[in-house]
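Working notes for the structure below.
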Amino acid sequence: MHGPAPEERTRPVGRRSSQGIRVDPHAEATHEPRRTALSALVYHEPGVLAKVSGLVSRRQFNIESLTVGSTTNPETARITLVIEEPEPGVRQVEKQLLKLQPVISVRELGGDAIRRELVVLKVHGDEPDKVNAITQMYDGRTLDAGPRTITVEITGDEQKINDAIDAYRQFGIRELARTGQTALARGDEWTTDAEEERYERMQTEMGTSDSE
Amino acid sequence: MSEGSPARPASQETETETETTGETGGEADATTEDAAATPERTTGAAAVVTALERANVEHVFGVQGGAIMPVYDALYHSDIAHVTMAHEQGAAHAADAYGQVTGAPGVCFATSGPGATNLVTGIADANMDSDPVLALTGQVPTNFVGNDAFQETDTVGVTRPITKANYFADDETTIGDLVTEAFTVAGEGRPGPTLVDLPKDVTNAETEARPPEERDAAAAPAAEPQAVERAAEALASAEKPLVLAGGGVTKANASEELRRFATTFEVPVVTTMPGIGTFPEDHDLCLSWAGMHGTGYANMAISHTDCLLAVGTRFDDRLTGGIETFAPDATVVHVDIDPAEISKNVHADYPLVGDAGVVLDQLFETLPDGPDDRWATWREQCATWKEEYPMSYTTPDDEPLKPQFVVEALDEMTPDDTLVTTGVGQHQMWAAQFWTYTEPRTYISSHGLGTMGYGLPAAIGAKLAAPDREVVCFDGDGSFLMTVQELSVAVRENLDITVVVLNNEAIGMVRQWQDAFFGGRRMASEYRWMPDFATLAEAFGARGFTVDDYDDVADTLEAALDYDGPSVVDAFVDPAENVYPMVPSGGANDQFALSEDHL
Ligand SMILES: Cc1ncc(C[n+]2csc(CCOP(=O)(O)OP(=O)(O)O)c2C)c(N)n1
Chain A
1 MHGPAPEERT RPVGRRSSQG IRVDPHAEAT HEPRRTALSA LVYHEPGVLA
51 KVSGLVSRRQ FNIESLTVGS TTNPETARIT LVIEEPEPGV RQVEKQLLKL
101 QPVISVRELG GDAIRRELVV LKVHGDEPDK VNAITQMYDG RTLDAGPRTI
151 TVEITGDEQK INDAIDAYRQ FGIRELARTG QTALARGDEW TTDAEEERYE
201 RMQTEMGTSD SE
Chain B
1 MSEGSPARPA SQETETETET TGETGGEADA TTEDAAATPE RTTGAAAVVT
51 ALERANVEHV FGVQGGAIMP VYDALYHSDI AHVTMAHEQG AAHAADAYGQ
101 VTGAPGVCFA TSGPGATNLV TGIADANMDS DPVLALTGQV PTNFVGNDAF
151 QETDTVGVTR PITKANYFAD DETTIGDLVT EAFTVAGEGR PGPTLVDLPK
201 DVTNAETEAR PPEERDAAAA PAAEPQAVER AAEALASAEK PLVLAGGGVT
251 KANASEELRR FATTFEVPVV TTMPGIGTFP EDHDLCLSWA GMHGTGYANM
301 AISHTDCLLA VGTRFDDRLT GGIETFAPDA TVVHVDIDPA EISKNVHADY
351 PLVGDAGVVL DQLFETLPDG PDDRWATWRE QCATWKEEYP MSYTTPDDEP
401 LKPQFVVEAL DEMTPDDTLV TTGVGQHQMW AAQFWTYTEP RTYISSHGLG
451 TMGYGLPAAI GAKLAAPDRE VVCFDGDGSF LMTVQELSVA VRENLDITVV
501 VLNNEAIGMV RQWQDAFFGG RRMASEYRWM PDFATLAEAF GARGFTVDDY
551 DDVADTLEAA LDYDGPSVVD AFVDPAENVY PMVPSGGAND QFALSEDHL
């Protein structure tokens, strides 16, 4: 004999959020997206960037910028990713990145990390003095000045770059190129564990060869 | 043989090849003494084969071709048996099933370009199901790579999103190491497919380098003891605990640990479809599998549990239905070897990262002993659901043959350790629902990707992996046609497998959905004409049977099983029969429909 039909069955009272988190009336979990930077230490091998960017697009993570460059170790490179995701998404990016073969270590940077971005932008050259004043105000440099265009570079955190770009708008920005953020943990803190370990190993190795 | 010979220009490729083949052929025929001695091998290709030999590979599945020829040539002298498949997709599926049955990576070969792209479906299938597979693909010579050369495809690029790891072998001195590494990576931790792309100049190049002896397997990782303690506390304080066993239990060979855990504490068990067989389906505590077409009682239990111990599952949407309604009252203890699975789809309140068997034992040691009396009520509730929502179908005499009856009949005639493979569709669901699985690794199917055509090549791989066991394949008429050419392989290798086509003259699963959700508009889902599968089987050199009557089922199946070689039973079943229970896509697990009336 069949039991009750779907609509007659007793329903459990609980619910989960769209992220699979149990919605507990006492501690209802909501996760607003937040913007954060992840630093990944990777083996500097062909295809590593394609692997990382492929992963990001395949899994539909919201990525703001991605920069790559070498480290003190010629075999490794550092990738800095700025992402905007709710908390579980941030953790997923971290864990999925770690699964990629060439990725050695991944760490979310703290709020106090040192973040820098470079913008190169080209404005109309009609008012060179005014452009110069803005450039000085933002500690920038003039890279090229001609009768028709002036090209400058500004370095700083994201906010400063955005402000500077706004300030240049009055002259008419013809083109600009931003690098995206690159970053290191502040002070004594290591950006990734792997680097700390390597640094320590190198120190001891140097130490032993000294004593020999 | 000369050492340190200069790299040859690519234009001489073909010449060199003929030379090499001629040479080896001559060597083998020369004198009896020479033939008895192991031929000296000094190429990249030989290193590839040595790597496979050192990994104890016994069978490889593949199809020849220009770019992979050097590797095949190196196989000429090896004891590894090569099974020539009709299509590379078949090679990948056969390797996949072979890997599932043996537990070690199955190996498949393909040439560059179309050979490699034909593997893609099989690799993607293995990737979704975490099956250990090593794919070796030929590639055009390195100085042609990127030039759109004849039969060139960026195989590493194409397979990047569907492999656990892939490699481009650009150096003959490390090619063997790469193959060894790819083999190891495919099988360790959370298994998955790996691929090594082998450019022809690299496999042809002379080298003395040989892969390392096999490295020791890494110890199975345990979960953090404090985390285990907290999870055990959560379990102990639950009123309605439930174990959900996924495919990860199979991969970790953790069926014994699961059985000990569940039977000692008397906790009911549901499995996922890939977890079928990890817990015996004829045990009182077993509620069979949950999900879209899982049993009503498994889905009721999932919906009402207050503590779900999920082991080795990725919470696929076919299992969970709508996330908002999945196990809504449950705290979740999630055991998985892959940290990226934790809180990917369902939030884990108690994550336990480690090997399924090791962690189940850790929990076993940590929990207070014996079954909890409070759980008796919960067990009774589960038993009631089993009575309320039994798996059943009707078999009035005047109706056409029911597919479920055929499945049950064959189950009764075969031993417990019979290996069942399937295609994808309604027949796959009936094979999962109406066959009672009591051993792990006996239901071999395409779960995550849902690849029609998986069944027959998988049966070939399974039979070669376990020649002494009965192998049967339940296929759909549509699925069977997708890889039917592999029947030639089963005949050539004289494999004793029995294919039962549950022929409903349609791609039935699609038709079921059209009837339920598209106003019955059966667009492109009904076959107006189908080949006669029994005659087709005979044309391939197999035995063919047809059956459409209840009275003949037993005799026909018996005859097919008795035939010592591949046989195909074309079973004409009721085209009107549909798969129930059914949780409509994205719905709540406990809102399953038992018939059309409920949809
Ligand atoms: C390669 C592939 N193409 C299409 C589908 C979509 N699909 C899923 S089930 C199904 C019907 C399968 O028909 P059949 O093999 O005859 O089995 P039945 O459902 O009739 O038992 C189809 C077309 C698929 N899963 N795989």
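Residue numbers (full-length UniProt numbering), protein chains in the order written: chain A, 1 to 212; chain B, 1 to 599.
Glycine included, each C-beta is placed from N, C-alpha and C at the ideal position.
Closer than 8 Å: residue i CB and nearest ligand 1 heavy atom
i: M509 (chain B); result: yes
i: L502 (chain B); result: yes
i: residue 607 (chain B); result: Any answer about residue 607 (chain B) is impossible in this case: the structure gives chain B only from 1 up to 599.
i: V407 (chain B); result: no
i: F480 (chain B); result: yes
i: D129 (chain B); result: no
i: V423 (chain B); result: Per the sequence shown, residue 423 (chain B) should be read as Gly rather than Val. Yes, ligand 1 has a heavy atom inside 8 Å of this Cβ.
i: M452 (chain B); result: yes
i: T50 (chain B); result: no
i: D329 (chain B); result: no
i: D96 (chain B); result: no
i: T121 (chain B); result: yes
i: H2 (chain A); result: no
i: Q226 (chain B); result: no
i: H427 (chain B); result: yes
Residue i and residue j closer than 9 Å at C-beta
i: A97 (chain B); j: G106 (chain B); result: yes
i: P328 (chain B); j: R169 (chain A); result: no
i: T272 (chain B); j: W289 (chain B); result: yes
i: A466 (chain B); j: L419 (chain B); result: yes
i: A182 (chain B); j: L119 (chain B); result: no
i: P4 (chain A); j: V42 (chain A); result: no
i: T366 (chain B); j: E229 (chain B); result: yes
i: V406 (chain B); j: L502 (chain B); result: yes
i: L464 (chain B); j: A537 (chain B); result: no
i: G453 (chain B); j: V424 (chain B); result: yes
i: R59 (chain A); j: Q96 (chain A); result: yes
i: G370 (chain B); j: D129 (chain B); result: no
i: G187 (chain B); j: G103 (chain B); result: yes
i: R11 (chain A); j: A588 (chain B); result: yes
i: F540 (chain B); j: P566 (chain B); result: yes
i: F261 (chain B); j: L363 (chain B); result: yes
i: L136 (chain B); j: I80 (chain B); result: no
i: I79 (chain A); j: V90 (chain A); result: no
i: L594 (chain B); j: H2 (chain A); result: yes
i: V249 (chain B); j: V311 (chain B); result: yes
i: R469 (chain B); j: G277 (chain B); result: no
i: P403 (chain B); j: A506 (chain B); result: no
Listed by chain order, chain B residues near residue i by CB distance under 9 Å
i: A5 (chain A); result: A593, L594, D597 and H598
i: P88 (chain A); result: S343, K344 and H347
Per-residue contacts from residue i into chain A (C-beta, under 7 Å)
i: D316 (chain B); result: Within 7 Å Cβ-Cβ: nothing; D316 (chain B) doesn't reach chain A, min ~13 Å.
i: Y580 (chain B); result: Those do not exist, as Y580 (chain B) stays about 11 Å from chain A at its closest Cβ, beyond 7 Å.
i: P161 (chain B); result: G54 and R58
Interface residues of chain B facing residue i [CB-CB closer than 7 Å]
i: I21 (chain A); result: H347
i: R9 (chain A); result: D590
Amino acids of chain A, ordered along the chain, whose beta-carbon sits closer than 9 Å to that of residue i
i: F326 (chain B); result: R16 and G20
Residue i: CB within 8 Å of a non-hydrogen atom of ligand 3
i: D475 (chain B); result: Among the ligands present in this structure, namely ligand 1, ligand 3 is not found.
Chain B contact residues for residue i, given Cβ-Cβ distances below 8 Å
i: Q92 (chain A); result: A340, S343 and K344
Cross-chain neighbours of residue i in chain A, by beta carbon under 8 Å
i: A165 (chain B); result: Q101
Next item on the list: Would you list, in sequence order, the uninterrupted alpha helix (DSSP H) runs of no fewer than 4 residues that lie entirely inside the segment 500–533 of chain B?
Entry: Listed in chain order, the complete alpha helix (DSSP H) runs (minimum 4 residues) inside the segment 500–533 of chain B are 508–517.
Margin query: Give the list of continuous alpha helix (DSSP H) stretches no shorter than 4 residues that lie fully inside the segment 80–147 of chain B.
Written below: Every unbroken stretch of the alpha helix (DSSP H) spanning 4 or more residues and falling wholly within the segment 80–147 of chain B is given here in chain order: 88–102 and 114–128.
Next item on the list: Mind listing, in chain order, the continuous beta strand (DSSP E) runs of no fewer than 3 residues lying wholly within the segment 550–576 of chain B?
Entry: If one requires a minimum length of 3 residues, the beta strand (DSSP E) runs lying completely within the segment 550–576 of chain B are 567–572, in chain order.
Item checked: Whole runs of the beta strand (DSSP E) within the segment 87–174 of chain A, excluding any shorter than 3 residues -> DSSP runs (the beta strand (DSSP E)) wholly in the segment 87–174 of chain A: 103–108, 114–124, 141–145 and 149–156.
Notebook entry, point to check: If you scan the segment 168–218 of chain B from start to end, which runs of the beta strand (DSSP E) of 3 or more residues do you find wholly inside it?
Noted result: The qualifying runs are 193–199.
Next item on the list: List in chain order: all unbroken alpha helix (DSSP H) runs of 4+ residues lying wholly within the UniProt domain "Thiamine pyrophosphate enzyme central" (228–363) of chain B.
Entry: Those alpha helix (DSSP H) runs which fall completely within the UniProt domain "Thiamine pyrophosphate enzyme central" (228–363) of chain B and span 4+ residues are 247–251, 255–265, 296–304 and 317–320.
Margin query: Which runs of the beta strand (DSSP E) at least 3 residues long sit entirely within the segment 38–81 of chain A? Give them in chain order.
Written below: The qualifying runs are 63–70.
Note to self: For a minimum of 4 consecutive residues, which ranges assigned as the alpha helix (DSSP H) are wholly contained in the segment 381–425 of chain B?
What the structure shows: Scanning the segment 381–425 of chain B for uninterrupted alpha helix (DSSP H) segments of 4 residues or longer gives 403–413, listed from N- to C-terminal end.
Margin query: If we require 4 or more residues per run, which alpha helix (DSSP H) segments fall completely within the segment 428–480 of chain B?
Written below: Listed in chain order, the complete alpha helix (DSSP H) runs (minimum 4 residues) inside the segment 428–480 of chain B are 455–465.
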